[in-house]
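Undergrad: Residue numbers (the working numbering), protein chains in the order written: chain H, 31 to 491; chain A, 31 to 491.
1) Using a 10 Å radius around the Cβ and a threshold of 16 neighbouring Cβ atoms, would you call residue 290 of chain H buried or exposed?
2) Just grab the DSSP bridge partners of residue 99 of chain A for me.
3) Indicate whether at least one CB of chain H lies closer than 8 Å to the CB of residue 113 of chain A.
4) Residues of the region 169–193 of chain A with a CB closer than 8 Å to any CB of chain H: list them in chain order, please.
5) For the region 145–159 of chain H, which residues have a beta carbon sitting closer than 7 Å to at least one beta carbon of chain A?
6) Quick check for students: name the residue ranges of the beta strand (DSSP E) that lie wholly in the region 188–253 of chain H, counting only runs of 3 or more.
7) Output the distance between the C-alpha atoms of residue 90 of chain H and residue 372 of chain A, rounded to the nearest integer angstrom.
8) When the distance is taken between beta carbons, is residue 383 of chain H closer than 8 Å to residue 150 of chain H?
9) Determine, using beta carbons only, whether residue 382 of chain A comes closer than 8 Å to chain H.
10) Answer yes if the region 472–482 of chain H comes into contact with the region 160–170 of chain H, meaning at least three C-beta pairs across the two stretches below 8 Å, and no otherwise.
11) Output needed in chain order: residues of the region 283–314 of chain H with a Cβ under 8 Å from some Cβ in chain A.
12) Taking 8 Å as the threshold (beta carbon to beta carbon), is residue 471 of chain A in contact with chain H?
13) Evaluate contact between the region 412–432 of chain H and the region 255–262 of chain H, counting only Cβ atoms and requiring at least three cross-stretch pairs below 8 Å.
14) Quick one: residues in its chain with C-beta nearer than 6 Å to the C-beta of residue 243 of chain H, no 5 flanking neighbours on either side, listed in chain order?
15) Along the chain, which unbroken stretches of the alpha helix (DSSP H) at least 4 residues long are found entirely within the region 431–482 of chain A?
16) Using the beta-carbon count (16 or more within 10 Å), is residue 112 of chain H buried or exposed?
17) Nearest to residue 174 of chain H by alpha carbon, out of H:155, H:202 and H:186?
18) Distance, Cα to Cα, residue 55 of chain H vs residue 214 of chain A?
19) Can you confirm whether the region 326–344 of chain H touches the region 333–345 of chain A when touching is taken to mean that 3 or more C-beta pairs between the two stretches lie within less than 8 Å?
20) Chain H partners of residue 346 of chain A, CB-CB under 9 Å?
21) State yes or no: is the C-beta of residue 350 of chain A within less than 8 Å of the C-beta of residue 185 of chain A?
22) Given a limit of 9 Å on CB to CB distance, which residues of the region 217–234 of chain H reach chain A?
23) For a cutoff of 8 Å on Cβ pairs, would you count residue 422 of chain A as touching chain H?
24) If you measure between the beta carbons of residue 304 of chain H and residue 255 of chain H, is that distance less than 8 Å?
25) Since residue 337 of chain H sits in a beta bridge, which residues does DSSP pair it with?
26) Leaving aside the five residues before and after residue 330 of chain H along the sequence, list all residues of the same chain whose C-beta is less than 7 Å from its C-beta, in chain order.
27) Can you tell me the Cβ-Cβ gap for residue 229 of chain H and residue 402 of chain H, rounded? I've got them flagged as a contact below 8 Å.
28) For the alpha helix (DSSP H) that residue 396 of chain A lies in, which residues bound it at each end?
29) In its own chain, which residues sit with a C-beta less than 7 Å from the C-beta of residue 73 of chain A, not counting the 5 before and 5 after it?
30) Beta-carbon of residue 61 of chain H versus every beta-carbon of chain A: anything under 8 Å?
31) Measure the beta-carbon distance from residue 188 of chain A to residue 315 of chain A and round it to whole angstroms, keeping in mind my assumption that it falls under 8 Å.
32) Would you kindly report the start and end of the unbroken beta strand (DSSP E) that includes residue 272 of chain A?
33) So, for residue 393 of chain H: in the same chain, excluding its five sequence neighbours on each side, which residues have a beta-carbon less than 7 Å away from its beta-carbon?
34) Starting from residue 305 of chain H and walking both ways along the beta strand (DSSP E), at which residues does that stretch end?
35) With 8 Å set as the bound, which would you pick, yes or no: does the beta-carbon of residue 426 of chain H sit closer than that to a beta-carbon of chain A?
36) For residue 47 of chain A, which residues in chain H fall below 7 Å Cβ to Cβ?
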């Protein structure tokens, strides 16, 4: 320790320095006073006094019988306490928790999936009946470590159709798209690492990154993909380890990546250590496929993930990860250690549903229905002065700006009181720059009451 | 910094002190040279030189473009590299990976579940047929945040039957018992925390704890539960945050906790911060229920978890957590963030199967069959000089000592060459003190070839 000022203050300064430098992370336990005293070459009583003062200042938290912890996050881990101090009504978990908890009859233009009546019911029932007659092992045994081989082969063929070269042995099944990303974050990140996300992006990316205690940095999203100049600046400033984005149709904006931006992005990261996770969950909604980063990159630094929650079923949990060969083994170990394997039943049901004769036609009519509903919803919103940021080429989302001076969180709160769940923009925005945006799911916006409630809320907000 | 010795050496000493004190964890990134120089009040070149020397010594690892990391664990996270340097054939993941990858016809006396032909096929098929006619929402929609209410109500009633008071609102469904523990570890632990496990214990606990970068300390298991004196010593020495154990039938020993040990254990931890996770996965195999820690403790410091993989289906992934009320909300946030919810379909199938008229009778005959097979297997093993450590009251496991001088890993390797998977003791032992033990699953030990192969392997080992 430098011998200026009082020793206690120096020890306090040293600890605060570590916290600022993120050597000591929020929630982490400090060394015992004895160890700390030895490390810093000061007396035990000096350390005790420094710890106590920092605890009094709220910099540290004392857990009796356990020691001192860096404050800012009370153990046990509570996600809601980890983020910027937002109203619960617009934190990243708000939309998901509200959407999941709402009963099926409620009006949910803010939710991220299709209504029950739009789903591929016939195909699913057929798959279930098939499963009832399947081999007993299919019904009762654990899956193999990588997961159901026929589904992995099917996925390999589907990816080849988008120009992504991934053998079935490079594809690992999981229980959801979210779990796919979760495993990748565990595999690649250390607490304190930085991850780039689109601003705005799918709100659950924020929650997931918080659960991993990593730092999220937003890159503004343009109608053609991430802002390349901002991406470059973030790359230089933060040395991020990962970038998570949607391929195909972007959530929440409905934008699609242009080949030019895709190319520039991959060129930019050429010399870096950055890994890109491309979440392809909306693939089957596209009319003509947008470029995939995994296709340009050849699964070298891009990891391609997805699930079937939006197009087949969210009740049957199944997702996948396509990844470079030399990472497969470790990712599989991690999956087995943390879940003991993904559901064989779920993979089999998905496989049966996707390969049934009707799926392609079902998705064709769904795309048509979405396009019609997109036009209708946009027209109704425009009448209320709510303007779509762009007209998406496909998908279910309309990312819309409210009339000037209106606050989306206030509108969301007012709508919720009337039983209408809308998705306020800042739930999607790392920089909280979308306070006047709402995301609409056009398939969940067919009921006229939504617009009545919205109109009232806008007047009151 | 203290002004003795050269500055560079002092900086090196400071960093090594942090690593020793686990303020800087293996694999974590050090502050940038600029930040570190400012924190320690030395020049940038001093820090650069100190980092470089520590890298040359192997204390740090330099990742180009990203900075310096504490060595000891290469990112990306590879579980096999995190443990003691064991032969892959006996590391904690070996048994699971081999068991999961083996085809259904192979001989697997080492695997941890019942053969396909023992499973409750009729009930499952009936449940599947029922699902094929279920409401569309059941087939397509996400579950509620806590999960399928009827199954939670059923679980609450089953727990009440064991003296555990847990309302349905205290029970959260997950996708597996393993995932239940994974969520709890995320919720309660920081990297570097200490967790007590039974020695021996279910091997996947080791893998799971490694994935969380926490330290596992083994407590010897006796025929009546953990060794209370050793438990007390470990409590004092390590201030563990968590203890994970099996309730009901212990894996791998088949032992059961006595009321006396349960009482002593809970008394011991009364003044500590320790949380106990009680994994009840083998409950339905018991003839008369052993005491549950959660019943004595009233879910204050005990978390009760379980799944249906061993008794209903491992293909349908479903588990649960029963926990004190004030932790439910945060655990649910964590579940939604990392998986976006557990499978509604799986929970519904499990509910239909458990409440079908035949389940109770099926389990009754399974218990009888297991008891008969337990006797037969023990007799055959004794003929080979392989001695059961105790005669379990119920369940499928026999924990057996090999004849003197025989090494279980060698025997396992020789058996695997002949197509027989056995489970070597050290895969279960934190202290690697079970090098002459094998765990047998009596339900998977009906084929005579197993004993022929075993006999040959013993002669050659």
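Just so it is clear, CB atoms sit at the ideal spot from N, CA and C, and this is done for glycine as well.
Values in this document were obtained by computation on a predicted structure and should not be read as measured data.
TA: The structure says:
1) Residue 290 of chain H sits at position 260 when you count from the first residue of the first chain. By the neighbour-count rule (16 or more Cβ atoms within 10 Å), residue 290 of chain H is not buried but exposed.
2) Start at 1 with the first residue of the second chain, and residue 99 of chain A comes out as number 69. For residue 99 of chain A, which the question treats as bridged, DSSP gives the partners A:59 and A:91.
3) For the purposes of this step, residue 113 of chain A is taken as residue 83 along the second chain, with counting starting at 1. Only weak support exists for where residue 113 of chain A lies, its pLDDT of 40 falling under 50; the value from the coordinates is given anyway. It does not; no Cβ of chain H falls within 8 Å.
4) 169, 170, 171, 172, 173, 174 and 175
5) 146, 149, 151, 154, 155, 158 and 159
6) 201–204, 224–229 and 245–252
7) On the first chain, residue 90 of chain H is found 60 positions in, with the first residue counted as 1. On the second chain, residue 372 of chain A is found 342 positions in, with the first residue counted as 1. Those two C-alpha atoms are separated by around 36 Å.
8) Working through the first chain from its first residue, we reach residue 150 of chain H at position 120. Working through the first chain from its first residue, we reach residue 383 of chain H at position 353. Yes, Cβ-Cβ distance for residue 150 of chain H and residue 383 of chain H is below 8 Å.
9) By 1-based counting over the second chain, the position of residue 382 of chain A is 352. No, no contact with chain H.
10) no
11) 301, 302 and 303
12) For the purposes of this step, residue 471 of chain A is identified with residue 441 of the second chain, where counting begins at 1. For residue 471 of chain A, the answer is no, since every Cβ of chain H falls outside 8 Å of its Cβ.
13) no
14) As a working mapping, residue 243 of chain H is identified with position 213 in the first chain. Counting only Cβ-Cβ distances below 6 Å, and skipping sequence neighbours, we find 221.
15) 438–447
16) Locating residue 112 of chain H in the first chain gives position 82, where the first residue counts as 1. Because the pLDDT of residue 112 of chain H is 42, which lies under 50, any placement of that residue in the model is unreliable, and the question is left without a value.
17) Here residue 174 of chain H corresponds to residue number 144 of the first chain, with the count starting at 1. Minimum Cα distance to residue 174 of chain H is reached at H:202.
18) Sequence index remark: in the first chain, residue 55 of chain H carries index 25 (1-based). Sequence index remark: in the second chain, residue 214 of chain A carries index 184 (1-based). Spanning the two alpha carbons is a distance of roughly 20 Å.
19) no
20) Stepping through the second chain from its first residue, residue 346 of chain A is reached at position 316. In chain order: 169, 170, 373, 374, 375 and 376.
21) Position 320 of the second chain, counting from 1, holds the residue named residue 350 of chain A. Position 155 of the second chain, counting from 1, holds the residue named residue 185 of chain A. In contact: residue 350 of chain A and residue 185 of chain A (Cβ atoms closer than 8 Å).
22) 217, 218, 219, 220, 221, 222, 223 and 234
23) Within the second chain, the letter at position 392 stands for residue 422 of chain A. By this cut-off, residue 422 of chain A is not an interface position.
24) Locating residue 304 of chain H in the first chain gives position 274, where the first residue counts as 1. Locating residue 255 of chain H in the first chain gives position 225, where the first residue counts as 1. Cβ atoms of residue 304 of chain H and residue 255 of chain H: not closer than 8 Å.
25) As a first step, residue 337 of chain H must be located in the first chain, where it is residue number 307. Answer is H:349, bridged to residue 337 of chain H.
26) What you label residue 330 of chain H is simply residue 300 of the first chain in a count that begins at 1. So the list reads 354, once near-sequence residues are dropped.
27) The residue you call residue 229 of chain H lines up with position 199 of the first chain. The residue you call residue 402 of chain H lines up with position 372 of the first chain. With 8 Å as the limit, residue 229 of chain H and residue 402 of chain H do not qualify as a contact, their Cβ atoms being about 30 Å apart.
28) Position 366 of the second chain holds residue 396 of chain A. That run of the alpha helix (DSSP H) goes 389–413.
29) Locating residue 73 of chain A in the second chain gives position 43, counting from the first residue. Closer than 7 Å at Cβ, skipping near neighbours: 67.
30) Counting from 1 along the first chain, the entry for residue 61 of chain H is found at position 31. Residue 61 of chain H counts as touching chain A.
31) Locating residue 188 of chain A in the second chain gives position 158, where the first residue counts as 1. Locating residue 315 of chain A in the second chain gives position 285, where the first residue counts as 1. The pair is not a contact, with the Cβ atoms about 14 Å apart (cut-off 8 Å).
32) Taking the second chain and counting its residues from 1, one reaches residue 272 of chain A at position 242. 272–276 is the extent of the beta strand (DSSP E) around residue 272 of chain A.
33) Position 363 of the first chain, counted from the start, is the residue given in the question as residue 393 of chain H. Only 314 and 341 meet the Cβ criterion.
34) As a first step, residue 305 of chain H must be located in the first chain, where it is residue number 275. It spans 305–309 - the beta strand (DSSP E) in which residue 305 of chain H sits, taken as one unbroken run.
35) As a working mapping, residue 426 of chain H is identified with position 396 in the first chain. No, its Cβ sits nowhere closer than 8 Å to a Cβ of chain A.
36) By one-based count along the second chain, residue 47 of chain A stands at place 17. Simply 69.
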